[in-house]
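Notes follow the structure.
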Amino acid sequence: MKKIKVGIFGARRGASMAKVFLNHPDAELTAVCDKYVPALKQMEKMARESGKEITTYESFDDFFNHDFDAVVLANYATEHVPYAIRFMASGRHVLSEVPASETMAQAVELIEAVEKTGKVYAFAENVSYSPVVFEMQRLYERGDIGEVMYAEGQYIHDSPDEFTARITYGEKEHWRFRIPPTFYCTHSIGPILTITGRRPVQVSGFVTNGADWKNGKPSGIEMVTLDNGSILRSIHGPLKREPSGCKSLIYGMKGMMETDRFDNELLHVYREGEKVCQGEFEHYKPGIQIRAGDKQLETGHGNADLGAPHYFIQRILDRPEGHKYMIDVYTGVAMSICGLLAYRSVLDGNIPVTVPNLRNKNERDAYRHDHACTTPSVASDQLLPINPIAADPLPDEYYERIRHLWLQYEQEHPLS
Ligand SMILES: NC(=O)c1ccc[n+]([C@@H]2O[C@H](COP(=O)([O-])OP(=O)(O)OC[C@H]3O[C@@H](n4cnc5c(N)ncnc54)[C@H](O)[C@@H]3O)[C@@H](O)[C@H]2O)c1
Numbered sequence: 003m004k005k006i007k008v009g010i011f012g013a014r015r016g017a018s019m020a021k022v023f024l025n026h027p028d029a030e031l032t033a034v035c036d037k038y039v040p041a042l043k044q045m046e047k048m049a050r051e052s053g054k055e056i057t058t059y060e061s062f063d064d065f066f067n068h069d070f071d072a073v074v075l076a077n078y079a080t081e082h083v084p085y086a087i088r089f090m091a092s093g094r095h096v097l098s099e100v101p102a103s104e105t106m107a108q109a110v111e112l113i114e115a116v117e118k119t120g121k122v123y124a125f126a127e128n129v130s131y132s133p134v135v136f137e138m139q140r141l142y143e144r145g146d147i148g149e150v151m152y153a154e155g156q157y158i159h160d161s162p163d164e165f166t167a168r169i170t171y172g173e174k175e176h177w178r179f180r181i182p183p184t185f186y187c188t189h190s191i192g193p194i195l196t197i198t199g200r201r202p203v204q205v206s207g208f209v210t211n212g213a214d215w216k217n218g219k220p221s222g223i224e225m226v227t228l229d230n231g232s233i234l235r236s237i238h239g240p241l242k243r244e245p246s247g248c249k250s251l252i253y254g255m256k257g258m259m260e261t262d263r264f265d266n267e268l269l270h271v272y273r274e275g276e277k278v279c280q281g282e283f284e285h286y287k288p289g290i291q292i293r294a295g296d297k298q299l300e301t302g303h304g305n306a307d308l309g310a311p312h313y314f315i316q317r318i319l320d321r322p323e324g325h326k327y328m329i330d331v332y333t334g335v336a337m338s339i340c341g342l343l344a345y346r347s348v349l350d351g352n353i354p355v356t357v358p359n360l361r362n363k364n365e366r367d368a369y370r371h372d373h374a375c376t377t378p379s380v381a382s383d384q385l386l387p388i389n390p391i392a393a394d395p396l397p398d399e400y401y402e403r404i405r406h407l408w409l410q411y412e413q414e415h416p417l418s
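So the sequence shown is numbered by my numbering: it starts at 3 and just counts up by one.
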C-alpha cells in the first residue's frame, strides 16, 4: 500500500512527530522546514539513524513546493491558521499543534477552510492520548462513572529563567513572551472534552498573581460550563512543582476517576455499586494502548505523542479508528477558544463569556471580524494588553539576561 507522504513545518516540537512518521507503517517523512539550522541537522540525523532520507528546507516557500500529502504544523503557536489554510487550499491534509488559533476570526476562517476544501484537519492535543486519559475515555464511554457533573484539568510546568531561555531563545518577540496567561489551555481543557465528548458553552477566566514576572509568572484559570450544565475547572501555567505534569479528574453521577497528582501513569477509579455510598476503588496503570500496526513506537510525554499523528494518518486512510479518535477541527477549536474568551473575561472583571458553537454556521458571523489578540500586526485596533495586571512592560535587561542564558545553553548543548 502507498504510504502517506508527510512534511513537518517547525523542527523543535516537530522532532517528536518525526519520531512517529519515520517509523510508522503507513507514513513516510519526506521533508522538514525550519529556519533554525541546528534543528534541521538534528532531524537529518534522526532520519539517517532510522535508515531514511529526508529533504530539509530553511525557506518556507521551497518547503511548500515539496511533494507531500500531509503536513504537520509545529511552527509558532500563534501562526497555525494562515499556514493551515494555505496548505489545505493546495490539497494537503493538516495536523496542527496546539492551540488551534490566535483569534476568534481565525477560528471561523479555519473551520470554513476545512469545510470548503474537504481536507483532513487534525488537532494534536496530545494529553488526550496519554495512556491514562485514553483509558478514562474508554471507561467513560462504557458508562463506568455515569454522566459528568464536575471535572478538573491541570497542566503545570514551572518555567524558571533557565527553562524560559530554552523555549524562547531570549527572542523578545517570541510568542511565549506575548501570549496571555489563559492562551495555552488545551492540555487541561482538552482531555476533559475528549473523555466526555461534551462542548463548552460559557467561560470565566482568572489569572494568578506573578504577572510582573519578577517573583514567579502568572498562570491561567478557566471555569468552563459544559453543555450538560456540568462545570470544568482548568488551570495551566508555571507553578512550582516537580515533576511537571497533567492531571484530569471527573466526578460523574455513578462514580469518579482521576489521574494521580504526581504519578502521571497512575489512575484511580471509584464506581458506586448497587447500594449508595458503597462501591469499589481501583488503582492501576493502564499502560500503552495505542499501537501503529504491530509496532510499539516509543514517543515522548509518556507515549502521549503517538495518538495525534497515528489517528491523523488512519483518518486520511478512512479507517474507523481514525474517524473515532482523531480530534477534528470543531473540537480542536472548542478546546482552544475557551482560552481566548477567558482572557476577555479576565479583562472584564472575570465575567462569564459565552463560548459559541462554531459548528453552527449561524453563530459564526459575530466573530468573523473579531481579531482581538496580543499580536499588533494581527489585532490592529483590537489589540489586547499582554499582561492583565502589571502596567509596565518587562525591562530590556530581562530579555538580555534570558538571551544570555540561551546562548550559554546552546553552546553547552549543541544539537547535532
Ligand atoms: N503538544 C505539546 O506537548 C507541545 C509541546 C511543545 C510545543 N507545542 C506546540 O508546538 C508548536 C511549536 O512549539 P516549539 O516548542 O517547537 O517552539 P517554537 O514555537 O519556538 O518553534 C517553532 C519552530 O518553527 C520555526 N519556524 C517558525 N516559523 C518559521 C518560518 N516561517 N520559516 C521557517 N521556520 C519557521 C522556528 O524557527 C522554530 O524552530 C507550538 O504550537 C507549541 O504550542 C506543543
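Glycine included, each C-beta is placed from N, C-alpha and C at the ideal position. Just so we're clear, the structure is a prediction, and the values are computed from it rather than from any experiment.
Exercise for review: Quick one: grab the DSSP three-state call for residue 61.
Suggested key: Translated into the one-based positions of the sequence shown, residue 61 becomes position 59. Residue state, collapsed to three classes: coil.
Practice item. Check whether the Cβ atoms of residue 384 and residue 368 sit closer than 8 angstroms, and answer yes or no. Key: Residue mapping note: residue 384 aligns to position 382 of the sequence shown, counting from 1. Residue mapping note: residue 368 aligns to position 366 of the sequence shown, counting from 1. Between residue 384 and residue 368, the C-beta spacing is not below 8 angstroms.
Check your understanding: Just how far apart, CA to CA, sit residue 277 and residue 258?
Key -> Taking the first residue of the sequence shown as 1, we reach residue 277 at position 275. Taking the first residue of the sequence shown as 1, we reach residue 258 at position 256. Taking the Cα positions, residue 277 is about 16 angstroms away from residue 258.
Review point. So residue 372 packs on residue 107, CB below 8 angstroms; how close in whole Å?
Key: The count along the sequence shown starts at 1 and reaches residue 372 at position 370. The count along the sequence shown starts at 1 and reaches residue 107 at position 105. Sure, about 5 angstroms apart at Cβ, within 8 angstroms.
Point to revise | Nonlocal neighbours in the same chain, by C-beta distance under 6 angstroms from residue 83, ignoring five residues either side | key: Along the sequence shown, read from residue 1 onward, the residue named residue 83 stands at position 81. Close CB contacts of residue 83 within its chain, under the 6 angstroms cut and outside five residues either way in sequence, are with 103, 108 and 112 (chain order).
Review point. Is residue 202 helix, strand or coil when you go by DSSP?
Key: Here residue 202 corresponds to residue number 200 of the sequence shown, with the count starting at 1. In this structure, residue 202 counts as strand in the three-state DSSP scheme.
Check your understanding: Among 194, 120, 243 and 346, which one has its Cα closest to the Cα of residue 227?
Key -> Stepping through the sequence shown from its first residue, residue 227 is reached at position 225. With respect to the C-alpha of residue 227, the residue from 194, 120, 243 and 346 having the closest C-alpha is 194.
Exercise for review: Verify the contact flag: residue 169, CB atom, against every heavy atom of ligand 1, threshold strictly below 7 angstroms.
Suggested key: Walking along the sequence shown from the start, residue 169 turns up at place 167. Residue 169 Cβ: within cutoff of ligand 1.
Review point. Apart from the five residues just before and just after residue 364, which ones in its own chain have a Cβ nearer than 8 angstroms to its Cβ?
Key: Along the sequence shown, one-based indexing puts residue 364 at 362. Closer than 8 angstroms at the Cβ level, and outside the excluded window around residue 364, lies no residue.
Review point. Based on Cα-Cα distance, which residue from 288, 212 and 204 lies nearest to residue 139?
Key: Taking the sequence shown and counting its residues from 1, one reaches residue 139 at position 137. The shortest C-alpha separation from residue 139 is found at 288.
Check your understanding: Mind checking whether the beta-carbon of residue 303 lies closer than 7 angstroms to any heavy atom of ligand 1?
Key -> Translated into the one-based positions of the sequence shown, residue 303 becomes position 301. For ligand 1, a non-hydrogen atom lies closer than 7 angstroms to the CB of residue 303.
**Study point:** Range covered by the beta strand (DSSP E) that runs through residue 238
**Key:** Taking the sequence shown and counting its residues from 1, the one referred to as residue 238 is at position 236. Where residue 238 is concerned, the enclosing beta strand (DSSP E) stretches over 233-239.
Point to revise | Heavy atom of ligand 1 within 7 angstroms of residue 126 beta-carbon | key: For the purposes of this step, residue 126 is identified with residue 124 of the sequence shown, where counting begins at 1. Under cutoff, so the answer is yes.
Point to revise | DSSP beta-bridge partners of residue 30 | key: The residue labelled residue 30 in the question sits at position 28 within the sequence shown. Bridge partners of residue 30: 7.
Exercise for review: Return the chain-ordered ranges of every beta strand (DSSP E) run that is complete within the segment 142-209 and spans a minimum of 3 residues.
Suggested key: Runs of the beta strand (DSSP E) inside the segment 142-209: 150-158 and 202-209.
Exercise for review: Compute every distance between the C-beta of residue 293 and the non-hydrogen atoms of ligand 1, then say whether any falls below 7 angstroms.
Suggested key: Start at 1 with the first residue of the sequence shown, and residue 293 comes out as number 291. The answer is no for residue 293.
Practice item. Along the beta strand (DSSP E) that carries residue 2, what are the first and last residues, could you check? Key: Not covered by the structure: residue 2. The range shown for the chain is 3 to 418.
Review point. Could you give the residue range of the beta strand (DSSP E) that holds residue 122?
Key: Residue 122 sits at position 120 when you count from the first residue of the sequence shown. Element bounds for residue 122: n/a, residue is neither H nor E.
Review point. Just to check, is the beta-carbon of residue 62 closer than 7 angstroms to a non-hydrogen atom of ligand 1?
Key: By one-based count along the sequence shown, residue 62 stands at place 60. Checking the Cβ of residue 62 against ligand 1 gives yes.
Review point. Which residues bound the alpha helix (DSSP H) around residue 405?
Key: Sequence index remark: in the sequence shown, residue 405 carries index 403 (1-based). Run containing residue 405: 398-414, per the alpha helix (DSSP H) assignment.
Check your understanding: Distance, Cα to Cα, residue 89 vs residue 64?
Key -> Numbered from 1 along the sequence shown, position 87 holds the residue referred to as residue 89. Numbered from 1 along the sequence shown, position 62 holds the residue referred to as residue 64. Distance between the alpha carbons of residue 89 and residue 64 is about 13 angstroms.
Practice item. Check the C-beta distance from residue 73 over to residue 11 and give it rounded, since I have them as a contact under 8 angstroms. Key: The residue given as residue 73 occupies position 71 in the sequence shown. The residue given as residue 11 occupies position 9 in the sequence shown. The pair is a contact, with the Cβ atoms about 6 angstroms apart (cut-off 8 angstroms).
Check your understanding: Mind checking whether residue 129 and residue 172 have CB atoms under 8 angstroms apart?
Key -> Position 127 of the sequence shown, counting from 1, holds the residue named residue 129. Position 170 of the sequence shown, counting from 1, holds the residue named residue 172. Against a cut-off of 8 angstroms, the Cβ pair of residue 172 and residue 129 comes out as no contact.
Review point. Does the segment 311-321 come within contact of the segment 165-185, defined as at least 3 CB pairs closer than 8 angstroms?
Key: Because the criterion of three Cβ pairs below 8 angstroms is not met, the segment 311-321 and the segment 165-185 do not touch.
Review point. Taking C-alpha atoms, which residue in 247, 190 and 146 lies nearest to residue 253?
Key: Against the sequence shown, residue 253 aligns to sequence position 251. Checked all of 247, 190 and 146; the closest Cα to residue 253 is 146.
Practice item. Answer yes if the segment 227-243 comes into contact with the segment 148-157, meaning at least three C-beta pairs across the two stretches below 8 angstroms, and no otherwise. Key: Look at the beta carbons and you see the segment 148-157 touching the segment 227-243: at least three pairs across the two are nearer than 8 angstroms.
Exercise for review: List the DSSP bridge partners of residue 212.
Suggested key: Numbered from 1 along the sequence shown, position 210 holds the residue referred to as residue 212. Paired residues: none, contrary to the question.
Check your understanding: How is the alpha helix (DSSP H) around residue 16 delimited, first residue to last?
Key -> The sequence position of residue 16 within the sequence shown is 14, counting from 1. 16-23 is the extent of the alpha helix (DSSP H) around residue 16.
Check your understanding: Considering only residues of the same chain and omitting the five flanking positions on each side of residue 161, which have a CB-CB separation below 8 angstroms?
Key -> The residue given as residue 161 occupies position 159 in the sequence shown. Counting only Cβ-Cβ distances below 8 angstroms, and skipping sequence neighbours, we find 169, 219 and 240.
Review point. Under the three-state reduction of DSSP, which class applies to residue 294: helix, strand or coil?
Key: Position 292 of the sequence shown holds residue 294. Residue state, collapsed to three classes: strand.
**Study point:** Closest by C-alpha distance to residue 118, when choosing among 87, 326, 389 and 29
**Key:** Position 116 of the sequence shown, counted from the start, is the residue given in the question as residue 118. The option with the nearest alpha carbon to residue 118 is 87.
Point to revise | Residue closest to residue 244, alpha-carbon to alpha-carbon, out of 264, 389 and 335 | key: On the sequence shown, residue 244 is found 242 positions in, with the first residue counted as 1. Across the set 264, 389 and 335, the C-alpha of 264 shows the shortest separation from the C-alpha of residue 244.
Review point. Does the beta-carbon distance from residue 124 to residue 344 come in below 8 angstroms?
Key: Reading the sequence shown from its first residue, position 122 is the one you call residue 124. Reading the sequence shown from its first residue, position 342 is the one you call residue 344. Going by C-beta atoms, residue 124 is not nearer than 8 angstroms to residue 344.
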